[in-house]
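Number of protein chains: 4
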Amino acid sequence: MKSVLEKNNYGKSSVRVLKVKRTGLIHDITEVSIDVQLKGDFDDVHLKGDNSKVLPTDTIKNTVYVLAKENPMNSIEEFCLYLGNYFLDNNIQISEVRIKAVEKIWKRINIHDSSEKEINQHHPHNHSFISPGNETRNCSLKISRDEYKIKSGLNNLLVLKTTNSGFEGFIKDKYTTLLETKDRIFSTSIKAEWKYFKYDIDFRSIHDTVRNLLLNTFAEHSSLSVQQTLYECGKKVTEQCPEVKEIFISMPNKHYLKFDLDRFDLDNFNEIFIPTDEPYGLIEGVVKNVKNGKEQ
Amino acid sequence: MKSVLEKNNYGKSSVRVLKVKRTGLIHDITEVSIDVQLKGDFDDVHLKGDNSKVLPTDTIKNTVYVLAKENPMNSIEEFCLYLGNYFLDNNIQISEVRIKAVEKIWKRINIHDSSEKEINQHHPHNHSFISPGNETRNCSLKISRDEYKIKSGLNNLLVLKTTNSGFEGFIKDKYTTLLETKDRIFSTSIKAEWKYFKYDIDFRSIHDTVRNLLLNTFAEHSSLSVQQTLYECGKKVTEQCPEVKEIFISMPNKHYLKFDLDRFDLDNFNEIFIPTDEPYGLIEGVVKNVKNGKEQ
Amino acid sequence: MKSVLEKNNYGKSSVRVLKVKRTGLIHDITEVSIDVQLKGDFDDVHLKGDNSKVLPTDTIKNTVYVLAKENPMNSIEEFCLYLGNYFLDNNIQISEVRIKAVEKIWKRINIHDSSEKEINQHHPHNHSFISPGNETRNCSLKISRDEYKIKSGLNNLLVLKTTNSGFEGFIKDKYTTLLETKDRIFSTSIKAEWKYFKYDIDFRSIHDTVRNLLLNTFAEHSSLSVQQTLYECGKKVTEQCPEVKEIFISMPNKHYLKFDLDRFDLDNFNEIFIPTDEPYGLIEGVVKNVKNGKEQ
Amino acid sequence: MKSVLEKNNYGKSSVRVLKVKRTGLIHDITEVSIDVQLKGDFDDVHLKGDNSKVLPTDTIKNTVYVLAKENPMNSIEEFCLYLGNYFLDNNIQISEVRIKAVEKIWKRINIHDSSEKEINQHHPHNHSFISPGNETRNCSLKISRDEYKIKSGLNNLLVLKTTNSGFEGFIKDKYTTLLETKDRIFSTSIKAEWKYFKYDIDFRSIHDTVRNLLLNTFAEHSSLSVQQTLYECGKKVTEQCPEVKEIFISMPNKHYLKFDLDRFDLDNFNEIFIPTDEPYGLIEGVVKNVKNGKEQ
Chain A
1 MKSVLEKNNY
11 GKSSVRVLKV
21 KRTGLIHDIT
31 EVSIDVQLKG
41 DFDDVHLKGD
51 NSKVLPTDTI
61 KNTVYVLAKE
71 NPMNSIEEFC
81 LYLGNYFLDN
91 NIQISEVRIK
101 AVEKIWKRIN
111 IHDSSEKEIN
121 QHHPHNHSFI
131 SPGNETRNCS
141 LKISRDEYKI
151 KSGLNNLLVL
161 KTTNSGFEGF
171 IKDKYTTLLE
181 TKDRIFSTSI
191 KAEWKYFKYD
201 IDFRSIHDTV
211 RNLLLNTFAE
221 HSSLSVQQTL
231 YECGKKVTEQ
241 CPEVKEIFIS
251 MPNKHYLKFD
261 LDRFDLDNFN
271 EIFIPTDEPY
281 GLIEGVVKNV
291 KNGKEQ
Chain B
297 MKSVLEKNNY
307 GKSSVRVLKV
317 KRTGLIHDIT
327 EVSIDVQLKG
337 DFDDVHLKGD
347 NSKVLPTDTI
357 KNTVYVLAKE
367 NPMNSIEEFC
377 LYLGNYFLDN
387 NIQISEVRIK
397 AVEKIWKRIN
407 IHDSSEKEIN
417 QHHPHNHSFI
427 SPGNETRNCS
437 LKISRDEYKI
447 KSGLNNLLVL
457 KTTNSGFEGF
467 IKDKYTTLLE
477 TKDRIFSTSI
487 KAEWKYFKYD
497 IDFRSIHDTV
507 RNLLLNTFAE
517 HSSLSVQQTL
527 YECGKKVTEQ
537 CPEVKEIFIS
547 MPNKHYLKFD
557 LDRFDLDNFN
567 EIFIPTDEPY
577 GLIEGVVKNV
587 KNGKEQ
Chain C
593 MKSVLEKNNY
603 GKSSVRVLKV
613 KRTGLIHDIT
623 EVSIDVQLKG
633 DFDDVHLKGD
643 NSKVLPTDTI
653 KNTVYVLAKE
663 NPMNSIEEFC
673 LYLGNYFLDN
683 NIQISEVRIK
693 AVEKIWKRIN
703 IHDSSEKEIN
713 QHHPHNHSFI
723 SPGNETRNCS
733 LKISRDEYKI
743 KSGLNNLLVL
753 KTTNSGFEGF
763 IKDKYTTLLE
773 TKDRIFSTSI
783 KAEWKYFKYD
793 IDFRSIHDTV
803 RNLLLNTFAE
813 HSSLSVQQTL
823 YECGKKVTEQ
833 CPEVKEIFIS
843 MPNKHYLKFD
853 LDRFDLDNFN
863 EIFIPTDEPY
873 GLIEGVVKNV
883 KNGKEQ
Chain D
889 MKSVLEKNNY
899 GKSSVRVLKV
909 KRTGLIHDIT
919 EVSIDVQLKG
929 DFDDVHLKGD
939 NSKVLPTDTI
949 KNTVYVLAKE
959 NPMNSIEEFC
969 LYLGNYFLDN
979 NIQISEVRIK
989 AVEKIWKRIN
999 IHDSSEKEIN
1009 QHHPHNHSFI
1019 SPGNETRNCS
1029 LKISRDEYKI
1039 KSGLNNLLVL
1049 KTTNSGFEGF
1059 IKDKYTTLLE
1069 TKDRIFSTSI
1079 KAEWKYFKYD
1089 IDFRSIHDTV
1099 RNLLLNTFAE
1109 HSSLSVQQTL
1119 YECGKKVTEQ
1129 CPEVKEIFIS
1139 MPNKHYLKFD
1149 LDRFDLDNFN
1159 EIFIPTDEPY
1169 GLIEGVVKNV
1179 KNGKEQ
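Chains as they are written, first to last, in our numbering: chain A, 1 to 296; chain B, 297 to 592; chain C, 593 to 888; chain D, 889 to 1184.
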């Protein structure tokens, strides 16, 4: 019997950075948490305890801060690429770098503004809602000496609609107790991740477009199933964002159970629901643009 | 030696309700998590295992849902009061009810809206920011057969300003290493809880006013310490909301540490910071309106 | 209208310390998270931005580490007292110090031990279980120039028994749907906090005794309600720990709902349950020793 | 431009089950959280809103509970296999099932036992510790009509050693500030996942063996790096568990930073440390048994 080291990687996770950019009195901020993982010629570290090729994770951390100083951080995608190239260019023993960035969302405070409600509801939807939860902008980079791949994404986009969602015509077997319904609450916390045809693009503007398409499609779609809405979202994104090659969408079905008021001789015309966290349905799919250009 | 039951209370926590109100095509939703605690004549439950005066916590839960059907839930304050009175009126053995409500924030989705950025930034502040985190609207009720008290509040209002905050002139002792600074990041997750002079008021509108005053004061105040800003916030609220008798404010100081770039022969003109979660300063205070009317 | 500063306090929270004590080859560790809050002559900080009496929270943090070096940390109670006295003795402007300590539980790894199961089950209970979750040892100190109070406690002691627990004879009203039961799952995550008659005692040994009494009483008691078991636990502690003056016990009722197998023509002889987190019953009480000695 | 559905899968997550087995007065319990994901002929659900081949996630949930009744649940691995085969056998449209199980750890309460300390420390290690955190037993199954794969694992095995760990001889570049050390705290929360040569084995006993080998190797190894200890752990497991084909180990380096007492003219002989959660090093590797038998 013989043991071999099959694979390995290492790095630093959760390196948190705030960058402040000052243009006269106007300040802009970017807060991001970075994970870096390295692959390369590290067998002797494991087998012999020889650390001579190890860039310490503490140095990885310092490097993230220094490069945050140097780079304008116009988008997390460009910053990840800048970081990835740095580690490859300065460390001959490294063959591949993977970087993930999670950006926290900060907006400007609106002062003199006692009317936030009206402003926010310029085109308010009748029955579709969003909860300002822990939404983040995400990206991931995989870079080697030959090529690189960038994926962009968002997470925790929490939405709910009170109508225009049904679920009927499904299989009934001996363990089925779910009733068919033409009208139910549909709530989900959208996670999405998309790939690009090419990378000389405006990542932030595409992010905003993808996010708006997801929100509008969720709000407007007459849903026969979570699956159908998920596909419609992916279809809209791939059709209306020509830069997006494919999009993965994950829609946990955050069930709102109708409270049984019949037991108390009361009606429940879709008025009173029990929000639940678990168990939850989980629906995932990938929609791809198959007509557009050559892949990068 | 003799053991006695000194105090006791019981109830149901985290009863989650979604209420949908339908006005034609326009739907409104309220999602709330309710905690109920009862005090009263419950000694025999503990001492003899006699449950004849126990309203089961499962029934408390059912009652919350039924009363959510009956009550319009115009504000969490009014709903708590409705609940509290119900339990007292229908259970002679109960002498006091305490109810807490935590409301989740849902906003309407704005469709046809690719310009959310501009709309949201109608009066954008130069250097003060808000993160749409897990902010909640809260209230608590304590009601007995003679009287009741309502407190309203908010939690997790996460803000950050990049300038107009300093900290100087403090005590230096043998364990002091902190440097004085005229210009630092100031970030906090505001928790506030306020009491009223009287209760025939518009709770939701007062909530919006208090929230705006907290945000504007945080953004505009030239801060010499967290304490000074906290007091200024409380002063503005008690002066400009005549209904508010006193306000408790808690400001955890979410430290953003300046990353030391000197070691690498680089300047850090308040550009690169390390966001940290712990340890954190915690500053708390109560500001009271002492001139206004008689207390309720 | 006039605003006044009614109350205030400040300090540092979540100061985390690991102390290693070395006795030859044997090392002992204590890991603790400390919260310090100060009250005193701090009006001018709030009203005038005058920081000349402010001990910065950063210095509070440094002081915790230095005093962790000086003090043997034989118990968190003694360490809190040492800290509290330090702040009072060295800061004339401080009138009261409150300190909380939460100790993480670390046990020695048993090597050469493939038989942990048998060793751990020396006196295994037939139907009562414990889950090694996030249990902590806690204490809190309140100290002024005249007196001090210490409370000790534990949190997150997660237990479950599969029988010897029922709930019958309760009120049935129009919203009751709960069925009476002679035999149900009883699971709770015990929180307890106790006060002492005097403080020249062995805190760690009393902690172990209280914890064992809570566990044994939970396991052995034939429960007619959570309330009755809670009281029995408090009674055993106050009767068998003469140092304990009174104990507060909180027992969230972590409901395990019987899954309805009837719908599928199957029996469920208390075999298959749905663990749930919310909503949960919450039962709390204080049991006091009224015969013993004079209070401190 | 044309959009196509590239991939899809759906199912139910976090289905929590408690099973009680009663052998006379002795009760055994298993608490597990199950995730099920299905792949198959589901294009029309997405493209046409045709649900006729959809087994609702609610039925998936019910099925988990019914099968928990039928199956002895001797190990989570056997239960997952039983579940996976059920879904394939009863649903012609399903081509692949993936199931994850996370088992919560429950131990029997030891009553009449005021001496837990001594019993637990039968072979206590001098300087290596374990914290009874949120450790879980895990497994994952991937099953199609042709074949299946089982992986077993554990998560959140939190350990710490106060000596016999160093880190020296690493790369120094312009951003390096880390000092070399012969003696540091080494703490990690081990995650491991292993594959088997064959499946007619005692999963629970192998789990215990792997866990003991990880603990003992961590405690005893003279560590020159996290990587070296990780490899040694994997080597011990693959050499001493002939059933294990390969093991993935993830070791987040939970840094304990030495508090700088020099500033206060005090020594810190590895006594006082700052526990930190982030950033953290993350070291991962796969060790494989390359000599043993044929793969399944």
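Ideal placement from N, C-alpha and C gives every residue a C-beta, glycine not left out.
Just so we're clear, the structure is a prediction, and the values are computed from it rather than from any experiment.
(request) Pick out whichever of Thr473/B, Thr458/B and Leu314/B has its Cα sitting closest to the Cα of Ile481/B. (result) Locating residue 481/B in the second sequence gives position 185, where the first residue counts as 1. Measuring from the Cα of Ile481/B, the nearest candidate turns out to be Thr458/B.
(request) Check Gly449/B in the structure and name its three-state DSSP category. (result) Start at 1 with the first residue of the second sequence, and residue 449/B comes out as number 153. Assignment of Gly449/B by DSSP, reduced to helix, strand and coil, places it in the strand class.
(message) Tell me whether the segment 385-402 of chain B and the segment 422-436 of chain B touch, counting them as touching only if at least three CB pairs, one residue from each stretch, are closer than 8 Å.
(response) Pairwise C-beta distances place the segment 385-402 of chain B in contact with the segment 422-436 of chain B, as three or more of them are shorter than 8 Å.
(request) With DSSP as the reference, label Ser736/C as helix, strand or coil. (result) On the third sequence, position 144 is the one that residue 736/C refers to. Ser736/C sits in a strand when the DSSP states are folded into three classes.
(request) Check each candidate in Asn216/A, Arg211/A, Gly84/A and Ala68/A and name the one with the smallest Cα separation from Arg145/A. (result) By 1-based counting over the first sequence, the position of residue 145/A is 145. Among Asn216/A, Arg211/A, Gly84/A and Ala68/A, the Cα nearest to that of Arg145/A belongs to Gly84/A.
(message) Cutting at 7 Å between CB atoms, please list the residues of its own chain near Ile652/C, excluding the five before and the five after it.
(response) Position 60 of the third sequence, counted from the start, is the residue given in the question as residue 652/C. Answer for Ile652/C: Gly603, Lys604 and Val628, listed in chain order.
(request) Flag Arg855/C as yes if its beta-carbon sits less than 8 Å from any beta-carbon of chain A, otherwise no. (result) Sequence index remark: in the third sequence, residue 855/C carries index 263 (1-based). Output row for Arg855/C: interface = yes.
(message) Whole angstroms are fine: how far does the CA of Val607/C sit from the CA of Leu510/B?
(response) Numbered from 1 along the second sequence, position 214 holds the residue referred to as residue 510/B. Numbered from 1 along the third sequence, position 15 holds the residue referred to as residue 607/C. Computed Cα separation, rounded: 28 Å.
(message) Suppose you measure from the CA of Ser424/B to the CA of Met961/D; what does that come to, to the nearest Å?
(response) As a working note, residue 424/B is residue 128 in the second sequence. As a working note, residue 961/D is residue 73 in the fourth sequence. Counting only the Cα atoms, Met961/D lies some 56 Å from Ser424/B.
(request) Grab me the residues of Val1114/D's own chain with a C-beta within less than 6 Å of its C-beta, minus the 5 sequence neighbours each way, in chain order. (result) Counting from one through the fourth sequence, the residue named residue 1114/D turns up at place 226. If the five residues before and after Val1114/D are omitted, its C-beta is found closer than 6 Å to the C-beta atoms of Met1139, Asn1141 and Ile1171, all from its own chain and listed in chain order.
(request) State whether the segment 1126-1139 of chain D contacts the segment 624-641 of chain C, with contact taken as three or more CB pairs (one from each stretch) at a distance under 8 Å. (result) Touching, no, given that fewer than three Cβ pairs across the two stretches are closer than 8 Å.
(message) Beta-carbon within less than 6 Å of Asn305/B's beta-carbon, same chain only, minus the 5 sequence neighbours each way: which residues are those?
(response) Walking along the second sequence from the start, residue 305/B turns up at place 9. Sequence-distant partners of Asn305/B (beyond 5 residues in either direction) whose C-beta falls short of 6 Å from its own C-beta, in its chain, are Gln333 and Lys335.
(request) Over the uninterrupted beta strand (DSSP E) stretch that includes Arg996/D, give me the two end residues. (result) Stepping through the fourth sequence from its first residue, residue 996/D is reached at position 108. Looking at the DSSP string, the run of the beta strand (DSSP E) that includes Arg996/D is Lys995 to Asn998.
(request) Identify every run of the alpha helix (DSSP H) within the segment 755-835 of chain C, keeping only runs that are complete inside it and at least 4 residues long; order them along the chain. (result) Taking only runs of at least 4 residues, the alpha helix (DSSP H) segments lying wholly in the segment 755-835 of chain C are 795-812 and 818-832.
(message) Can you look up Thr136/A in the DSSP assignment and give me helix, strand or coil?
(response) In the first sequence, residue 136/A corresponds to position 136, counting from 1. Residue state, collapsed to three classes: strand.
(request) Enumerate in chain order the residues of its own chain whose CB-to-CB distance from Asp1155/D is below 7 Å, with the five nearest sequence positions on each side excluded. (result) For the purposes of this step, residue 1155/D is taken as residue 267 along the fourth sequence, with counting starting at 1. Within its own chain, the residues whose Cβ lies closer than 7 Å to the Cβ of Asp1155/D, once the five positions on either side in sequence are excluded, are Leu1149, listed in chain order.
(request) Please check the pair Lys107/A and Ile467/B, which I expect to be a contact at CB under 8 Å, by giving their CB distance rounded to whole angstroms. (result) On the first sequence, position 107 is the one that residue 107/A refers to. On the second sequence, position 171 is the one that residue 467/B refers to. Not quite, the Cβ-Cβ distance comes to about 37 Å (not below 8 Å), so this is no contact.
(request) For Leu349/A, count neighbouring C-beta atoms within 10 Å of its own C-beta (all shown protein chains included) and say buried if the count is 16 or more, exposed if not. (result) With chain A covering only 1 through 296, there is no way to say anything about residue 349/A.
(request) Could you spell out where the beta strand (DSSP E) holding Val362/B opens and where it closes? (result) Here the question's residue 362/B lines up with position 66 in the second sequence. From DSSP, Val362/B is part of no beta strand (DSSP E) but of the alpha helix (DSSP H) over Thr353 to Glu366.
(request) Would you verify that the beta carbon of Lys766/C is, or is not, closer than 8 Å to some beta carbon of chain A? (result) One-based indexing of the third sequence puts residue 766/C at position 174. Answer yes: the Cβ-Cβ gap between Lys766/C and chain A drops below 8 Å somewhere.
(message) Residues of the segment 219-244 of chain A in Cβ contact with chain B at a cutoff of 9 Å, in chain order, please.
(response) For chain B, the residues of the segment 219-244 of chain A that bring a beta carbon within less than 9 Å of one of its beta carbons are Ala219 and Glu220, in chain order.
(request) Report yes if the C-beta distance between Val751/C and Ile1160/D is below 8 Å; otherwise report no. (result) Taking the third sequence and counting its residues from 1, the one referred to as residue 751/C is at position 159. Taking the fourth sequence and counting its residues from 1, the one referred to as residue 1160/D is at position 272. If you check the CB distance, Val751/C and Ile1160/D do not come in under 8 Å.
(message) Output needed for Thr326/B: all residues of its chain with C-beta closer than 6 Å, excluding positions within five of it in sequence on either side, in chain order.
(response) Stepping through the second sequence from its first residue, residue 326/B is reached at position 30. Contacts found: Lys315 and Met369.
(request) Drop a sphere of 10 angstroms on the beta-carbon of Ile322/B, count the other beta-carbons inside from all chains shown, and report buried for 16 or more, exposed for fewer. (result) Indexing the second sequence from 1 puts residue 322/B at position 26. Exposed is the label assigned to Ile322/B, since fewer than 16 other Cβ atoms lie within 10 Å of its Cβ.
(message) Let me confirm a value: Arg263/A is counted as buried when at least 16 other C-beta atoms fall within 10 Å, else exposed. Which label applies?
(response) Translated into positions along the first sequence, residue 263/A becomes position 263. Taking all protein chains shown into account, Arg263/A has fewer than 16 neighbouring C-beta atoms within 10 Å of its C-beta and is therefore exposed.
(message) With distance defined between alpha-carbon atoms, name the residue in Asp41/A, Lys21/A, Val45/A and Asp28/A nearest to His1120/D.
(response) Residue numbering aside, residue 1120/D sits at position 232 when the fourth sequence is read from its first letter. In the sequence as presented, His is not what sits at residue 1120/D; that position holds Glu. In terms of CA proximity to Glu1120/D, Val45/A leads the group Asp41/A, Lys21/A, Val45/A and Asp28/A.
(request) Tell whether a beta-carbon distance below 8 Å holds between Ser519/B and Ser461/B. (result) On the second sequence, residue 519/B is found 223 positions in, with the first residue counted as 1. On the second sequence, residue 461/B is found 165 positions in, with the first residue counted as 1. Yes; because the gap between Cβ atoms is below 8 Å, this pair is in contact.
(message) Taking only three categories from DSSP, how would you classify Val341/B?
(response) Taking the second sequence and counting its residues from 1, the one referred to as residue 341/B is at position 45. The answer is helix: DSSP assigns Val341/B an H, G or I state.
(request) May I ask you to list, following chain order, the residues of the segment 451-481 of chain B that have a beta carbon less than 8 Å from some beta carbon of chain A? (result) Here the close residues are Val455, Leu456, Thr458, Thr459 and Ile481.
(message) I need the DSSP call for Asn973/D, collapsed to helix, strand or coil.
(response) Walking along the fourth sequence from the start, residue 973/D turns up at place 85. DSSP places Asn973/D in the helix class (H, G or I) of the three-state scheme.
(message) Which residues of the segment 3-35 of chain A have a Cβ closer than 9 Å to any Cβ of chain D? Give them in chain order.
(response) So the list reads Ser3, Val4, Leu5, Glu6, Lys7, Asn8, Asn9, Tyr10, Gly11, Lys12, Ser13, Ser14, Val15, Arg16, Ser33, Ile34 and Asp35, given in the order they occur along the chain.
(message) By DSSP's criteria, Thr23/A is part of a beta bridge. Which residues make up the other side?
(response) What you label residue 23/A is simply residue 23 of the first sequence in a count that begins at 1. Ile26/A, per the DSSP bridge assignment.
(request) Please determine, among Phe338/B, Leu474/B, Arg507/B and Glu443/B, the residue with the shortest C-alpha to C-alpha distance to Trp490/B. (result) To locate residue 490/B, count along the second sequence from 1; it is residue 194. Of the candidates Phe338/B, Leu474/B, Arg507/B and Glu443/B, the one whose C-alpha sits nearest the C-alpha of Trp490/B is Arg507/B.
(message) For Leu83/A, would you say it is in contact with chain B, using Cβ-to-Cβ distances shorter than 8 Å as the test?
(response) Position 83 of the first sequence, counted from the first residue, corresponds to residue 83/A. Against chain B, the CB of Leu83/A has no partner CB under 8 Å away; the residue lies outside that interface.
(request) From the DSSP output, read off the bridge partner residues of Met1139/D. (result) By 1-based counting over the fourth sequence, the position of residue 1139/D is 251. As computed with DSSP, Met1139/D is found in a beta bridge with Ile1171/D.
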